[in-house]
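First residue of the sequence shown: 7, per this note's numbering; consecutive thereafter.
Ideal Cβ placement from N, Cα and C applies to all residues, glycine included.
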Amino acid sequence: MDKTLNTTAWSNDHTIWIDITDPTPAELKEYSKEYDLDYYSLADCLEPAHLPKKETLPHFTFIILRVYDETAKNPTSIQEMSHKIAIFYNEKVVLTVHRVHAAIMEEIRSKYLETGVISEPAEIVTKMMYYTVKSYEPVAISLSEKIDRMERLVFVGRQTRVTLEHLYYLKNNCRLNRRIISLTKDVIMQHATTERDAGALQDVKDLMQKLSLSFDETHDDAANLSTIYLSIVSLKTNDVMKLLTIFSVFFMPLTFIAGIYGMNFEYMPELSWKLGYPMVLLLMSIISIVIFWWFKRRKIL
């Protein structure tokens, strides 16, 4: 095995695997000439915005996979959430290109290639697919647990511990993962491998199906939880408005009476009436009782 600063090469009697990390333009030109690859196709694979896909080139099959980045915190885009791996392969050569270090490459070499478990280019690609899909399993479990925890908080009356910001990041994370898994699933379903590797490819498809269902469920749960949360907040707002309305209904007539007798005109007969004050208080009390009885009859209180 030959190693340079950013390139690792592995080969056997019939397979060559070149793994390149953050290549320079000169390196890309060298590899494009050596393996008869279009330089612009090779350089274009370093664009960070590319989504999982599969293309058939004149001498190679071109695949893009995205590996989940465990260091991502509240990602808002696919680029923030994952790293891209570009794969060019045919019957004899596998060429992988990526900007950041990918630990899965070393694991595939040491665990499967050097031990002879796999040897063909298509088998190497199958293992890359497996580790790519496997990288989304922890986040699928984490998102499911977060949704369960937030549902408990919302439904047991502790909504103050859940904010719209939390729900936004949760829902957005579910949406991004769901999109990547859906696109990766299309790539995997088109992949063909050797007969002895068919079982491994089926394991990848089974894991993909499991994660696809998990992300679909978490995305739907997140969307429903957001709707329920907003409904509960709206209901609480309505309760507050209802309480304020009840208070205003009680105090409006009392304020009206107090306002009339607080004008202090000189010729107001009631101002010189000995029973004026207690009678006004009695009137206020009667009005309050009548209002209370009306609310009770309407089952508002």
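Exposed unless 16 or more other CB atoms sit within 10 angstroms - verdict on residue i
| i | result |
| --- | --- |
| I306 | exposed |
| Y95 | buried |
| Y300 | First, the amino acid is wrong: residue 300 is Trp here, not Tyr. That one is exposed. |
| K322 | Summary: the structure shown does not reach residue 322, with the chain confined to residues 7 through 307, and so no result is reported for it. |
| M247 | exposed |
| V139 | buried |
| D8 | Bear in mind that the predicted position of D8 carries a pLDDT of just 42, short of 50, making it unreliable; the figure below should be weighed with that in mind. Flag for D8 reads exposed. |
| F161 | exposed |
Closest by C-alpha distance to residue i, when choosing among the options
| i | options | result |
| --- | --- | --- |
| D209 | F221, M195, I114 | M195 |
| N230 | Y74, L173, K98 | L173 |
| D19 | S83, E36, S125, S38 | S125 |
| E76 | H65, L63, A146 | A146 |
| L170 | I234, T190, T224, E272 | I234 |
| P144 | T200, V73, I93 | V73 |
| F253 | H225, E223, S294 | S294 |
Integer-rounded CB distance, given that residue j should sit under 8 Å from residue i
| i | j | result |
| --- | --- | --- |
| Y142 | I114 | About 17 Å separates the two Cβ atoms, so there is no contact after all. |
| M285 | L260 | Not a contact, Cβ separation roughly 14 Å. |
| T14 | D25 | 4 Å |
| H197 | T132 | 7 Å |
| A49 | L34 | 5 Å |
| P58 | T190 | 5 Å |
| I91 | A78 | That pair is no contact at about 16 Å. |
| S218 | I187 | 5 Å |
Simplified DSSP state of residue i, which is helix, strand or coil
| i | result |
| --- | --- |
| I22 | strand |
| I69 | strand |
| W300 | helix |
| E171 | helix |
| Y118 | helix |
| V99 | strand |
| E132 | The question names Glu, yet the displayed sequence has Thr at residue 132. Helix, per DSSP. |
| A229 | helix |
| Y74 | strand |
| I306 | coil |
| S237 | helix |
| A15 | strand |
| E112 | helix |
| T27 | strand |
| P92 | Sequence check: residue 92 is Ala here, not Pro. Three-state result, A92: strand. |
| D8 | Because the pLDDT at D8 is just 42, under 50, the model does not fix this residue reliably, and the point stays unresolved. |
| K39 | helix |
Stretch pair the segment 177-194 + the segment 80-90: three plus CB contacts closer than 8 Å: Yes: at least three Cβ pairs fall under 8 Å.
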